[in-house]
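Everything in the sequence shown is counted per full-length UniProt numbering, starting at 1 for the first residue and increasing by one. By construction, the Cβ of each residue, glycine as well, lies at the ideal position given by its N, Cα and C atoms. Values in this document were obtained by computation on a predicted structure and should not be read as measured data. Here's the structure we're looking at; comments come further down.
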Amino acid sequence: MLQIKNLRCYYGRIMAIKGVSISVRRGELITLIGANGSGKSTLLMSICGLLSAWKGEIAFEDASLKGMDPPAIVRKGISLVPEGRQVFAPLSVLDNLKLGAYTRYRRKEHTEINRDIGRITDLFPILGHRAAQPAGTLSGGEQQMLAIGRALMARPRLLALDEPSMGLAPIMVEKILDTLVRLKEEGLTILLIEQNAQAALKIADRGYVLETGKIVLEGTGGDLLSDVEVKRAYLGKD
Ligand code: ATP
């Protein structure tokens, strides 16, 4: 579904991603782990069209994403849950959800959009209870649910998430990751970027380890969890 080949991403003359190749097949949950500054967000931003200074190949469903702007990439079927959630704090929870569907209003999908709001509040009932409340008044975990809900409102086929567990209590992390498993079971393809390696690899079909802009390891979630290097560097175990 998503094919990345020999990707190199640049900030000016600095190369932050140095020849990365990864693939995501339809229906998979893929986890990418890596330390601070390893390039995880850069990779996601390139996929989503938020960073255009890249070379190599990013193809989604066999079509290159080169030169496409973020709304076009959303319309093609990729939605991003950004790092730090980035909900629109003064707007209501409902309006945040509606904004996630902004590429669909032009196509006049009003009835379907309302149905999707119903699906998302079934998935995260708290968003229904708090629909009229400003998003900024939600807890961190609730804001993360809103950010996921907002991304789902675009009806993606690939959902990309940048560290959704960041700053959340363990119980909330579990809830968020359980939701991702449920979405995968419903057929969604997921690319999950995480520093919380243990939890993320547990739910992953396959995973990649990124270090200073390069993939240094790949394997099934289970293989990586038992890998000596991963244990030492990312799981804090000997
Ligand atoms: P984190 O977990 O801290 O978000 P990350 O793995 O997502 O880290 P990136 O944010 O992708 O890493 O950063 C990769 C590299 O690119 C780092 O060396 C970082 O300093 C550099 N970098 C990121 N953004 C910029 C920028 N706007 N200008 C210059 N260099 C940048």
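Here the stretch 68 to 81 makes no contact with the stretch 212 to 226; the two share fewer than three CB pairs at distances below 8 Å. Within the stretch 144 to 205, complete beta strand (DSSP E) segments of at least 3 residues are found at 158 to 162 and 189 to 194, given in chain order. For Leu146, same chain residues with a beta-carbon under 7 Å away, outside a window of 5 residues either side, are Val87, Val93, Asn96, Leu127, Ala135 and Leu138 in chain order. Using a Cβ distance threshold of 8 Å, Ala160 and Ile22 do not count as a contacting pair. When only Cα atoms are considered, Tyr10 and His129 end up about 43 Å apart.
Burial is judged here by how many other beta carbons sit within 10 angstroms of a residue's own beta carbon; Ala132 has fewer than 16 and is exposed. Counted as a single uninterrupted DSSP element, the stretch harbouring Thr31 is not any alpha helix (DSSP H) but the beta strand (DSSP E) occupying residues Leu29 to Gly34. When distances are taken from the beta-carbon of Gly67 to the heavy atoms of the ligand ATP, even the shortest one reaches 7 Å or more. Look at Glu83 here: in three-state DSSP terms it is coil, with no helix or strand label. For Met45, the enclosing alpha helix (DSSP H) stretches over residues Lys40 to Ile47. Closest by C-alpha distance to Glu28, out of Pro125, Asp116, Thr189 and Ser52, is Thr189. Here the alpha carbon of Ala35 sits roughly 43 Å from the alpha carbon of Lys108. Between Gln143 and the set Ile193, Arg85 and Ile176, the nearest pair of CA atoms involves Arg85.
Rounded to the nearest angstrom, the Cβ distance from Ser165 to Ala199 is 7 Å, consistent with a contact under 8 Å.
Of the candidates Gly141, Ala151 and Ala154, the residue whose Cα lies closest to the Cα of Pro170 is Gly141. Inclusion of Val20 and Leu50 in the CB contact set at 8 Å is not warranted, their separation being larger than that value. A direct Cα-Cα distance of roughly 40 Å separates Val230 from Tyr102.
A distance below 8 Å separates the beta carbons of Pro156 and Ile78.
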